[in-house]
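Numbering (this note's numbering), first residue to last: 2 to 279. Cβ atoms here follow ideal geometry from the backbone N, Cα and C, with glycine treated the same way.
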Ligand code: SAM
């Protein structure tokens, strides 16, 4: 493997620091620096940008982000065993890499960064989904970040970009497509990771729109979508019954048939419904 940054190969880093992958932390590492640089490029032009990287592990993607010219990378990693290898990267890029040993679910580091901010992560699936929803639903819009470039299980990535009428269309699609333009930009086979997971993975890139596509209150929209897709096989007049005493009338007033099901409703109609439910 050719080295792109003069630091030791990642396999050597892992052996030196005894960074045996832990299942409990969802650790599947990317060890090919050409691949991690390619993923970093999917985030767009990094020069002049601060990058929040969540879950850097031994730092393969971190090195890719720095090679691709990120002004500064703030890396948040839960596993304290990764601190030593990450410190070596920090030494090789003076002043450009800050590492925080913390759980990304318990910290909001965006205020420590200077816009434009891009977020990049290869995280365990459940942590990634939870952070995605949080990043998509800040109190105001536009958010502090300008783009998200995130690795997911292929199946989850497909849910984020799914269109109405598809079985994969649901809460993630509505929230993502309401205020960003999500695209699947790369697919990776299990062999790209060490150890290889059972499933294929995809990188999704989401650019924040300057304003939401349609007017809606984020909390209200989240509540409606959660209810509607929580019982996705039911007709909306049944699944949304608890949200309004005259739910059939409300649905009709925004042009939605009360007998339709959640997966038939596009983002615009969900926003109209959330406004009507006030
Ligand atoms: N980015 C590295 C790569 O691509 O090789 C590692 C990816 S590995 C799939 C996920 C990383 O996220 C691991 O290093 C793991 O320790 C870290 N992680 C898991 N849960 C986390 C959390 N809640 N907060 C921060 N890091 C977390």
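Residue i classed as buried or exposed, judged by whether at least 16 other C-beta atoms fall within 10 angstroms
| i | result |
| --- | --- |
| residue 108 | exposed |
| residue 168 | exposed |
| residue 164 | exposed |
Heavy atom of the ligand SAM within 7 Å of residue i beta-carbon
| i | result |
| --- | --- |
| residue 153 | no |
| residue 311 | The requested residue 311 is not part of the displayed model; the chain covers only 2 to 279. |
| residue 74 | no |
| residue 80 | yes |
| residue 61 | yes |
| residue 96 | no |
| residue 105 | yes |
Residue i (DSSP reduced to helix, strand or coil)
| i | result |
| --- | --- |
| residue 63 | helix |
| residue 29 | coil |
| residue 230 | helix |
| residue 286 | Beyond the ends of the chain as shown, which are 2 and 279, falls residue 286; an answer cannot be given. |
| residue 160 | helix |
| residue 36 | helix |
| residue 110 | helix |
| residue 225 | helix |
| residue 255 | coil |
| residue 53 | strand |
| residue 90 | helix |
| residue 68 | helix |
Run of the alpha helix (DSSP H) containing residue i, from where it starts to where it stops
| i | result |
| --- | --- |
| residue 274 | 268 to 277 |
| residue 177 | 172 to 180 |
| residue 122 | Not the alpha helix (DSSP H): residue 122 falls in the beta strand (DSSP E), residues 118 to 123. |
| residue 99 | No alpha helix (DSSP H) holds residue 99; the beta strand (DSSP E) holding it covers 98 to 102. |
Identified DSSP bridge partners for residue i
| i | result |
| --- | --- |
| residue 144 | For residue 144, which the question treats as bridged, DSSP gives no partner whatsoever. |
| residue 194 | 31 |
Residue i - containing beta strand (DSSP E), residue span
| i | result |
| --- | --- |
| residue 75 | 73 to 78 |
| residue 137 | No beta strand (DSSP E) holds residue 137; the alpha helix (DSSP H) holding it covers 126 to 137. |
| residue 216 | It is not in any beta strand (DSSP E) - residue 216 carries neither H nor E in the DSSP assignment. |
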